[in-house]
Amino acid sequence: MEKKVLIEKDKSKFDTMEFVETIVITKIEKEDKDNADKQLQEDA
Amino acid sequence: MLTNNFKKMLKGLSYDTYSGGSGNNTMESIGRLLFNDNRTYGYFGGSYGHACVEVGGGDTAPAMTDYNLADSNYWRSSSSPKLTRTAGDVITRGDDDLISMQTVFTNDTESNIIVKEVGLYANMSTTNEAYMFGLFARKVLDTPVTIAPGETYSFIYTIKMPLS
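Protein sequence lines correspond, in order, to chains A and B. Just so you know, we're using my numbering here: the first sequence kicks off at 0 and counts up by one. Just so you know, we're using my numbering here: the second sequence kicks off at 385 and counts up by one.
As structure tokens, then:
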């Protein structure tokens, strides 16, 4: 089960253009990581 | 904070080809490839135009003139990386997202690693991720994240250009 631990936002502005930056940090439990590793190996 | 490298990349969007236009600056070329072309993976060993998330332990305030994370000690591209990338870098786009980049790291050391800053880098080498020095966005976390030995964390850095 993934556990979202942090969401942070920031803004940058160039002239009239505005950009919003978002960072999402999620903890990945071992079972999910093992499945992802297996999928990576199958895709390789 | 988006850096001066990001501005150069935006300039490259108007080019017809990656090496076209009047500038032919490397970051401009990468901008064209990264934001305009159909790149779906931050894959190294290919060509220009890929990107990845990097994390570090520095907490100096971001500035547009930043060209690296304040502390690159955690980098996978360092000579002795403390964090291992355990999944491919993935780029996605949608609606008003300019780019969203995900990288997954595992702490394979026996000590806690405290992540205080997150950055987006463009790959400026076709063959070696150690030359991936094109930082174009950097955020110092308000709340540092501690990665314990054996733990795995996903970092997603999204840049949106809201449409009004």
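Ideal Cβ positions, reconstructed from N, Cα and C, are used throughout, including at glycine. Quick caveat, the model's predicted, so the values are computed rather than measured.
Going by DSSP, which residues form a beta bridge with residue i?
i: B:Y537; result: A:K26, B:F489
i: B:T449; result: None, per the DSSP bridge assignment.
i: A:M16; result: A:F13
i: B:L386; result: B:A521
i: B:T468; result: B:T490
i: B:T542; result: A:T21, B:S484
i: A:V4; result: The partner list for A:V4 (beta bridge, DSSP) is empty, contrary to what the question assumes.
Return helix, strand or coil for residue i, following the three-state DSSP convention.
i: B:L394; result: helix
i: A:E41; result: helix
i: B:D481; result: strand
i: B:G415; result: helix
i: B:D443; result: coil
i: A:D9; result: strand
i: A:D31; result: helix
i: B:Y425; result: Low local confidence applies: a pLDDT of 44 at B:Y425 is under 50, so the model's placement there is unreliable, and no value is given.
i: B:A549; result: Residue 549 of chain B lies beyond the residue range present for chain B, which begins at 385 and ends at 548; the question has no answer from this structure.
i: B:A532; result: coil
i: B:G405; result: Its pLDDT being 42, under 50, B:G405 is placed unreliably in this model, and the value from its coordinates should be taken loosely. Residue state, collapsed to three classes: coil.
In chain order, what residues of the same chain lie with their CB nearer than 6 Å to the CB of residue i, ignoring the 5 residues before and after it?
i: B:T530; result: N496, I498
i: A:I6; result: V23
i: A:K8; result: T21
i: B:A532; result: N496
Among the candidates the options, whose CA atom is the shortest distance from the CA of residue i?
i: B:G415; options: B:I540, B:Y537, B:N388, B:V439; result: B:N388
i: B:D481; options: B:M385, B:P528, B:P546; result: B:P546
i: B:C436; options: B:M485, B:Y537, B:P528; result: B:M485
i: B:D526; options: B:K395, B:G518, B:T444; result: B:T444
i: B:M411; options: B:Y505, B:A532, B:P533; result: B:Y505
i: B:S538; options: B:T487, B:E494, B:G518; result: B:T487
Assuming residue i contacts residue j under a Cβ cut-off of 8 Å, what Cβ separation, rounded to an integer in Å, is found between them?
i: B:I483; j: B:I543; result: 5 Å
i: A:K3; j: A:T25; result: 5 Å
I'd like the list of long-range same chain contacts for residue i, defined as Cβ closer than 8 Å, with 5 residues on each side in sequence excluded.
i: B:M385; result: P446, A447, M448, D450, A521, R522, K523
i: A:K12; result: F18
i: A:D33; result: none
Taking Cβ-Cβ distances shorter than 8 Å, what residues in chain D pair up with residue i?
i: A:K37; result: Here chain D cannot be found, since the structure's protein chains are A and B.
CB-CB under 7 Å to residue i, same chain, minus the five flanking residues each way: which ones, in chain order?
i: B:G384; result: In the structure as shown, chain B begins at 385 and stops at 548. Residue 384 of chain B is therefore absent and cannot be evaluated.
i: B:P528; result: I498, V499, K500
i: A:T15; result: none
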